[in-house]
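**Q** As you go down the protein sequences, you meet chains A and B in turn. Following the numbering used here, the numbering of the first sequence begins with 8 at its first residue and continues without gaps. Following the numbering used here, the numbering of the second sequence begins with 18 at its first residue and continues without gaps. Below is the structure I would like to discuss, written out as structure tokens.
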Amino acid sequence: MNLFRLAGDMSHLLSVCVLLLKIRATKSCRGISLKTQELYALVFVTRYLDLFYSYISLYNSIMKVTFIATAVSIIRYMRFDKVVKQTYDKEQDTFRYAFLVAPCLVLALVLNHRFTFTEVLWTFSIYLEAVAILPQLVLMQRTQNIDNLTANYVALLGAYRGLYIVNWIYRYFTEPHYRQWLVWISGVVQTALYADFFYFYTKAWKHNTRLQLPA
Amino acid sequence: GGKKEEHDEL
């Protein structure tokens with residue numbers, strides 16, 4: 008494992024920690040899209056099915072279990088915690104699951120490396136992860152006064168994707184058989200979705216103002 | 018490709 012991959016994973020892990028910190032410390036999930044969180048849970052469950060039949064490393068297994076467990080925990084807070092659930096912007100979080108899940112499923116059935124149940128689900132998870140941030144980005148556009156923890160959460164997620172791309176470039180030149188065009192294209196699409204966000208994020212940071220995305 | 022894809026990333 009190279010340093011870029013590790014930094015990407017740590018950024019991903021940190022993003023989850025920031026989100027859990029926000030929810031637990033402020034007892035609020037204001038500005039957080041439950042749709043995005045549930046899509047991520049679906050991404051993790053479909054991708055990490057291989058926990059049951061393929062072992063890569065202890066590091067990988069621990070991270071997979073951690074991502075599934077934290078995703079479930081976040082959803083439980085947002086849906087069932089008496090205090091937290093009252094802060095959920097339900098009326099604003101209107102993105103339809105079907106618009107994202109259905110095309111990803113069709114694409115995974117058509118474009119995959121092997122037509123097996125687990126491989127199609129894995130491919131589906133790659134496509135779905137690429138677009139799962141969309142409900143969160145839409146919600147942030149609608150929300151005035153995005154708080155710092157929410158902004159940092161999304162920034163860390165974007166950093167994770169960017170670092171994975173650097174990791175792929177590194178692996179492309181150091182591992183002769185490393186060719187994963189399907190993952191790369193999805194990853195580039197996913198990272199591109201953050202471009203707009205990062206433009207306004209750095210601008211707000213430079214001017215020391217609150218992040219606000221133009222509608 | 019013919020090579021089995023190894024999913025070693027997260």
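Glycine included, C-beta positions come from ideal geometry on N, C-alpha and C.
Have a look at A:Q143 and A:E98 and give me their C-alpha separation to the nearest angstrom.
**A** Going from the Cα of A:Q143 to the Cα of A:E98 covers about 13 Å.
**Q** Taking C-beta pairs closer than 8 Å, name the residues in chain B that A:M70 reaches, listed in chain order.
**A** Correct list: L27.
**Q** Evaluate contact between the stretch 18-31 of chain A and the stretch 158-171 of chain A, counting only Cβ atoms and requiring at least three cross-stretch pairs below 8 Å.
**A** Verdict: yes, contact present.
**Q** Confirm, please, whether the CB-CB distance from A:G194 to A:R172 is below 7 Å.
**A** The sequence shown places Ile at residue 172 of chain A, not Arg. Yes, these two residues count as a Cβ contact at 7 Å.
**Q** Measure from the alpha carbon of A:A137 to the alpha carbon of each residue in A:A115, A:D154, A:K213 and A:F180, then state which is nearest.
**A** For the residues A:A115, A:D154, A:K213 and A:F180, the minimum Cα distance to A:A137 belongs to A:A115.
**Q** Report the rounded CA-to-CA distance for A:S68 versus A:Y208, giving the unit in angstroms.
**A** Computed Cα separation, rounded: 33 Å.
**Q** What's the C-alpha gap between B:K20 and A:H120?
**A** Residue placement at B:K20 cannot be trusted, given a pLDDT of 48 that sits under 50; what the coordinates show is reported in the next sentence. Roughly 10 Å between the two C-alpha positions.
**Q** Taking just the CA atoms, how far does A:F11 sit from A:L170?
**A** Distance between the alpha carbons of A:L170 and A:F11 is about 6 Å.
**Q** Between A:A222 and A:Q148, is the Cβ-Cβ spacing less than 7 Å?
**A** Yes. Within cutoff.
**Q** Using a cut-off of 8 Å between C-beta atoms, extract the partners of A:R12 located in chain B.
**A** Chain B residues near A:R12: E26.
**Q** Could you tell me the alpha carbon to alpha carbon distance between A:K89 and A:V117, rounded to whole angstroms?
**A** Their backbone Cα atoms lie some 43 Å apart in a straight line.
**Q** For A:A172, would you say it is in contact with chain B, using Cβ-to-Cβ distances shorter than 7 Å as the test?
**A** Note that residue 172 of chain A corresponds to Ile in the displayed sequence, not to Ala. Not one chain B Cβ lies under 7 Å of A:I172.
**Q** Do you know how far the Cα of A:S18 is from the Cα of A:A223?
**A** Nothing about residue 223 of chain A can be reported from this structure: the residues present for chain A run from 8 to 222 only.
**Q** Within the stretch 16-95 of chain A, note down every full alpha helix (DSSP H) run reaching 4 residues or more, in order along the chain.
**A** Those alpha helix (DSSP H) runs which fall completely within the stretch 16-95 of chain A and span 4+ residues are 41-54 and 65-87.
**Q** Less than 6 Å between C-beta atoms, sequence neighbours within five positions excluded: which residues of the same chain meet that for A:L107?
**A** Around A:L107: V138.
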